[in-house]
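Residue numbers (this note's numbering), protein chains in the order written: chain A, 31 to 246; chain B, 358 to 418.
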Amino acid sequence: MQEFVVFTGIVLKSEPIGEYDRRVVLLTKERGKISAFARGSRRPGNRLMAPTNPFSFGQFRLFAGRSSYNLSEAEISNYFEALRDDFIGAYYGMYFLEICDYYTRENNDETGMLKLLYQSLRALSSARFEDRLVRCVFELKAIMLNGEFPGVSGSDLLGESAAYTVTYIMNTPAEKLFSFDVKPQVLEELGHFCRKICQRTFDKEFKSLEILENIE
Amino acid sequence: MYEDEWNRFMQTGQISDYLAYKEQLDTKNEEHRSGETHEYGYAGVRSLYGDCTKVGTNRRI
C-alpha cells in the first residue's frame with residue numbers, strides 16, 4: 031500500500047520530463063529540499079499544471095516511490111501571481127529561488143530558509159518595498175542563516191545607518207524582517223556591501239543574477 | 358497554454374519567453390471576455406424581481 035505524506039513547501043524548480051511529465055524541486059518545512067515527479071502535469075487541463083510552476087507555495091501530497099517522491103495532489107495557498115506581471119520582479123524571484131536551491135539540502139531543517147524565501151517573495155510582490163532593498167535583505171539573511179556571514183569590519187566603510195541595518199537584519203526573525211525602509215544613500219551602501227559579501231561567499235554564478243545586473 | 362509558457366520562461370530566463378507568456382495570457386483573457394458577453398446575452402427574461410434563471414436570487418418570500 032502506498033504511504034502518502036503531506037509537506038508544506040514551495041516549488042523552486044520545475045523541468046519537463048518526457049512528453050507529459052515534470053520533475054519539481056520543492057523546498058519543504060519537513061524534509062528540506064526534495065525532488066518529486068508530477069506525472070501528466072503537462073497535459074492540458076491537468077490539475078497539477080499550475081501547482082508545479084515555480085513560486086507555488088502550499089501543501090503538497092506525495093507518495094514515496096523506490097527512488098523518488100511522486101506528487102499526487104497540491105493545495106496552493108500563494109502562487110505569487112504579482113511576480114508574473116512584472117518581469118523584473120520575476121527575475122528577482124528567480125534569483126532568490128536559485129540561492130535557495132544552492133544553499134539547501136535534503137533532510138536538513140530548512141525552515142529558516144523557507145520562511146525567508148516566503149517573506150521575501152511577499153515583499154517583492156508588494157509595492158511597499160524597493161526590489162533592491164528586498165534583494166539586500168534576502169542575500170544577507172540567507173548568508174547569515176547558513177553561518178557564513180563574517181560580520182561587519184572597519185574596512186567595510188559602512189555608515190552608521192547602514193551598519194545598524196545590517197545588525198537589524200542579523201537579529202530579526204524572517205517574519206518581521208520587512209518592516210523598515212532606508213534612504214537611497216543607505217541602500218546604495220548596503221548594495222555595495224552585499225555585493226562584496228556575495229562575491230566572497232558564493233562559489234557559483236547565478237543565471238538570473240547575470241540578467242538582473244544587465245537590467246539594472 | 359500560458360502556464361507552459363510561464364514555466365519555459367522560468368527555466369530559460371529569456372525575455373522572449375516572457376513576452377510569449379504575456380501574449381498567451383492576453384489571448385486567453387480576450388477569449389474569456391468574449392465568452393462572458395455571450396453568457397450575459399443568454400441571461401434570460403429580465404424582470405423587476407431579478408434574473409429568473411438564477412434560482413433563489415431576489416425572491417421575495
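Note that beta-carbon positions come from the ideal geometry of N, C-alpha and C, so glycine has one too. Quick caveat, the model's predicted, so the values are computed rather than measured.
Other residues of its chain near E396(B): CB distance less than 8 Å, five sequence neighbours each side excluded = Caution applies to E396(B), whose pLDDT of 48 falls short of 50 and renders its modelled position unreliable; the value that the coordinates give is listed next. Excluding sequence neighbours, E396(B) sits near nothing in its chain.
ask   = Under 7 Å Cβ-Cβ, which residues of chain B neighbour A80(A)?
value = E360
key: Host beta strand (DSSP E) of A104(A) (start-end)   = Y99 to N108
query = Within this structure, are the beta carbons of K171(A) and L207(A) separated by less than 9 Å?
reply = Contact check for K171(A) against L207(A) passes: the beta carbons are separated by less than 9 Å.
query = What is the C-beta distance between S238(A) and Y121(A), in whole angstroms, given that I count them as a contact (C-beta under 8 Å)?
reply = 5 Å
DSSP state of G123(A) mapped onto helix, strand, coil = In the three-state reduction of the DSSP assignment, G123(A) falls in the helix class.
ask   = Would the region 87-100 of chain A and the region 121-133 of chain A be scored as touching if the rule is three or more Cβ pairs under 8 Å?
value = no
ask   = Within 10 angstroms of its Cβ, does M367(B) collect 16 or more other Cβ (buried), or is it exposed?
value = Classification for M367(B): buried.
inquiry  = Does the contact criterion of 3 or more C-beta pairs under 8 Å hold for the region 192-202 of chain A versus the region 136-148 of chain A?
reply    = Using a C-beta cut-off of 8 Å, the region 192-202 of chain A makes no contact with the region 136-148 of chain A, since fewer than three inter-stretch Cβ pairs fall below that distance.
query = Going by beta carbon distance, what residues of the same chain come within less than 7 Å of N176(A), once the five residues before and after it are set aside?
reply = Y133
task = Flag N386(B) as yes if its beta-carbon sits less than 9 Å from any beta-carbon of chain A, otherwise no.
result = no
Same chain, Cβ closer than 7 Å to C166(A), neighbours up to 5 away in sequence not counted = L220, G221 and C224
inquiry  = Check for me: the alpha helix (DSSP H) holding Q149(A) runs from which residue to which?
reply    = From DSSP, the alpha helix (DSSP H) with Q149(A) extends over T141 to S155.
Cβ neighbours of L376(B) in the same chain (closer than 7 Å, five flanking residues each side left out) = none
task = Give me the Cβ distance between K6(A) and V54(A), rounded to the nearest whole Å; I'm assuming they're in contact under 8 Å.
result = The requested residue 6(A) is not part of the displayed model; chain A covers only 31 to 246.
query = Tell me which same chain residues have a C-beta within less than 8 Å of the C-beta of T82(A), skipping the five on either side of it?
reply = V41, S44, R52, V54, A68, S71, L101 and A104.
key: Close Cβ partners of D361(B) (< 7 Å) along its chain, the five nearest in sequence each way excluded   = none
query = Over what stretch of residues does the beta strand (DSSP E) that includes G62(A) continue unbroken?
reply = G62 to A68
key: Helix, strand or coil at P214(A) according to DSSP, with G and I counted as helix   = helix
query = So which residues of chain B does R165(A) contact, with C-beta pairs closer than 7 Å?
reply = By Cβ distance, chain B contributes nothing, its closest Cβ being about 16 Å from R165(A), past 7 Å.
query = If we cut at 9 Å on Cβ distances, does Q368(B) have a partner in chain A?
reply = Cβ-Cβ to chain A under 9 Å: yes for Q368(B).
inquiry  = Among the candidates Y50(A), L57(A) and A66(A), whose CA atom is the shortest distance from the CA of G75(A)?
reply    = Y50(A)
query = What's the call for C128(A), buried or exposed, on a 16-neighbour Cβ count within 10 Å?
reply = Checking the sequence shown, residue 128(A) turns out to be Glu, not Cys. When all chains shown are included, E128(A) counts as buried.
ask   = Is the beta carbon of I47(A) less than 9 Å from the beta carbon of L56(A)?
value = no
request  = Please list the partners that M124(A) has in chain B, where partner means a Cβ-to-Cβ separation under 7 Å.
outcome  = M367 and G370
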